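Written below as structure tokens is the structure these notes are about.
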Amino acid sequence: MQIAVLSGKGGTGKTTVSTNLAKLINVRYIDCDVEEPNGFIFLKPQDIKSKEVSIPVPYVDEDKCIHCKKCVDICQFNALVHTDRVILFEKLCHGCGACRAVCPTMAIVEKDRPIGKIETGYSDDMECLSGTLNVTEPMAGPIISKLKGMIDDKTTIIDCSPGSSCNVVKPLLGVDYAILVTEPTEFGLHDLKIAVELVRKMKIPFGVIINRMSQEDNATSKYCKDDNINIIGTIPFDRDIAVMYSKGELLIKDEKYKKMFTDIMSNIEEAIGCSL
Amino acid sequence: MKICISSTVDSINGLADGRFGRCPFYAIYDDETKEYEFVENEGAKAAQGAGIKAAQIVVDNGVDVVITGSLGPNAIRVLQAGNIKIYKMLGDKVKEQVGYYNEGKLISIDKPGASHMGIGK
Ligand code: SF4
Ligand code: SF4
Numbered sequence: 194m195q196i197a198v199l200s201g202k203g204g205t206g207k208t209t210v211s212t213n214l215a216k217l218i219n220v221r222y223i224d225c226d227v228e229e230p231n232g233f234i235f236l237k238p239q240d241i242k243s244k245e246v247s248i249p250v251p252y253v254d255e256d257k258c259i260h261c262k263k264c265v266d267i268c269q270f271n272a273l274v275h276t277d278r279v280i281l282f283e284k285l286c287h288g289c290g291a292c293r294a295v296c297p298t299m300a301i302v303e304k305d306r307p308i309g310k311i312e313t314g315y316s317d318d319m320e321c322l323s324g325t326l327n328v329t330e331p332m333a334g335p336i337i338s339k340l341k342g343m344i345d346d347k348t349t350i351i352d353c354s355p356g357s358s359c360n361v362v363k364p365l366l367g368v369d370y371a372i373l374v375t376e377p378t379e380f381g382l383h384d385l386k387i388a389v390e391l392v393r394k395m396k397i398p399f400g401v402i403i404n405r406m407s408q409e410d411n412a413t414s415k416y417c418k419d420d421n422i423n424i425i426g427t428i429p430f431d432r433d434i435a436v437m438y439s440k441g442e443l444l445i446k447d448e449k450y451k452k453m454f455t456d457i458m459s460n461i462e463e464a465i466g467c468s469l
Numbered sequence: 011m012k013i014c015i016s017s018t019v020d021s022i023n024g025l026a027d028g029r030f031g032r033c034p035f036y037a038i039y040d041d042e043t044k045e046y047e048f049v050e051n052e053g054a055k056a057a058q059g060a061g062i063k064a065a066q067i068v069v070d071n072g073v074d075v076v077i078t079g080s081l082g083p084n085a086i087r088v089l090q091a092g093n094i095k096i097y098k099m100l101g102d103k104v105k106e107q108v109g110y111y112n113e114g115k116l117i118s119i120d121k122p123g124a125s126h127m128g129i130g131k
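If you're matching them up, the sequences are chains A and B in order. If you read the first sequence in this note's numbering, its first letter stands for residue 194, the second for the next number, and so on. If you read the second sequence in this note's numbering, its first letter stands for residue 11, the second for the next number, and so on.
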């Protein structure tokens, strides 16, 4: 079972929801928000092992190159250019290997270029994984794919990147349920609608959690009701939560919030029709 | 010698385009034949690396001088690797640029302007 937690934009409480739920039911947690992973701050895993992630980039042996430019023409990402020799713009290279495949003289070899890392550790006996993209690197995809590849059939909660780009679509592939975290603001609603459209297109069952809720009737709740969207929980707008968050503490340490996440969990179990 | 001007349309009476990588056409002037040739910029709509693609088009056309508004760092790197000189356009018409260039009025560009390419993000 895979459950993905998403949000239209950063800072809506995606990590709060995913870390607390994962810890509550003691399942594997994966932080796919590789540009700003912060799940480990709350889960505090021990014995962290770190592995570098690299992508294969082409390197041209100039003695073998016959300047046919086939490699330049095949590259979909405009990462190669030919002047009097082939030049690589490594930050645009996706490591797809197409250039190497078309080179008639086998002048292209591949070299590994590190773009980030994956860390694994344990919070008590709960497995925690997190990917980090190196600063200034533009391509999160390869790290997210690696992380996804580390998931087996054990129940896993996936903390996704904010937004609805390919960095969100990738982790969503193959998930069984999606939790959309939002805020009851106008911007929050706008982003929520985009996220709803995405999960509906991908045919993933989903429910909404409204974070920082201060009054019961708001445009977001109304939208969910009108659109038959299941609100699986709300998190109140309250000072205690902000204080716990700022100290890097999980909310389920406090009994009343633990109850809140337990209720959310039973709503999810009801929605997917089985218990986790 | 060939001079390339980034252009908004395929006519010398049209406006020069300040965007090197995303302009729709390149006006390429040959100072031997005194004629202009217009080349479409296939890279204009590329999601990534438009400047690189554009620089490749310019290199492939045997251009010696580029006149434009601003370029990203990648495009500059390609043009410099191809020994192509880069100048900042003056005024707005395509057909005026070669005159400015011959009169020595244009300032050379060696640093990137606002980039729209895959840097940082
Ligand atoms: S590996 Fe793929 S993306 Fe990288 S330069 Fe070659 S063709 Fe382009
Ligand atoms: S495809 Fe191979 S031989 Fe042709 S330009 Fe590229 S590196 Fe050189």
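Positions of the beta carbon are idealized from the N, C-alpha and C atoms, including for glycine. Please read these numbers as outputs of a predicted model, since none were measured by experiment.
Check: Cα-Cα separation, histidine 126/B to glycine 61/B; Outcome: Only weak support is given to the placement of histidine 126/B: the predicted model assigns it a pLDDT of 45, under 50, and the question is left unresolved by the model.
Check: Any chain B beta carbon closer than 8 Å to alanine 272/A; Outcome: yes
Check: Neighbouring residues, chain B, relative to valine 401/A (Cβ below 7 Å); Outcome: Result: empty, since nearest Cβ-Cβ is about 29 Å, beyond 7 Å.
Check: Residue closest to aspartate 266/A, alpha-carbon to alpha-carbon, out of Val295/A, Gly288/A, Lys242/A, Arg278/A; Outcome: Val295/A
Check: C-beta atoms of isoleucine 337/A and proline 364/A nearer than 8 Å; Outcome: yes
Check: Euclidean distance between Cα positions of isoleucine 15/B and isoleucine 94/B; Outcome: 13 Å
Check: Nearest-angstrom Cα separation, counted from leucine 214/A out to methionine 458/A; Outcome: 7 Å
Check: Distance between valine 250/A and valine 274/A (C-alpha atoms, nearest Å); Outcome: 14 Å
Check: Nearest-angstrom Cα separation, counted from proline 297/A out to alanine 85/B; Outcome: 27 Å
Check: Local Cβ density within 10 Å of methionine 99/B, reported as buried at 16 or more and exposed below that; Outcome: buried
Check: Straight-line Cα distance separating cysteine 258/A from threonine 43/B; Outcome: 34 Å
Check: Glutamate 78/B classed as buried or exposed, judged by whether at least 16 other C-beta atoms fall within 10 angstroms; Outcome: What sits at residue 78/B in the sequence shown is threonine, not glutamate. Buried, because 16 or more other Cβ atoms sit within 10 Å of the Cβ of threonine 78/B.
Check: Cβ-heavy atom distance, histidine 287/A to ligand 1, below 7 Å; Outcome: yes
Check: Supposed contact pair tyrosine 315/A and methionine 240/A - C-beta distance, whole angstroms, cut 8 Å; Outcome: It should be pointed out that residue 240/A corresponds to aspartate in this sequence rather than to methionine. Contact flag correct, Cβ pair sits at about 6 Å.
Check: Contact between the region 375-390 of chain A and the region 337-352 of chain A (3+ Cβ pairs under 8 Å); Outcome: no
Check: CA-to-CA distance, threonine 212/A to alanine 435/A, given in whole angstroms; Outcome: 15 Å
Check: Coarse secondary structure for serine 439/A, derived from DSSP in three states; Outcome: helix
Check: Three CB pairs or more closer than 8 Å across the region 15-28 of chain B and the region 101-109 of chain B; Outcome: yes
Check: Min CB distance alanine 91/B to chain A below 8 Å; Outcome: yes
Check: Selection from Asp352/A, His287/A, Ile311/A, Tyr370/A that minimises the alpha carbon distance to isoleucine 465/A; Outcome: Tyr370/A
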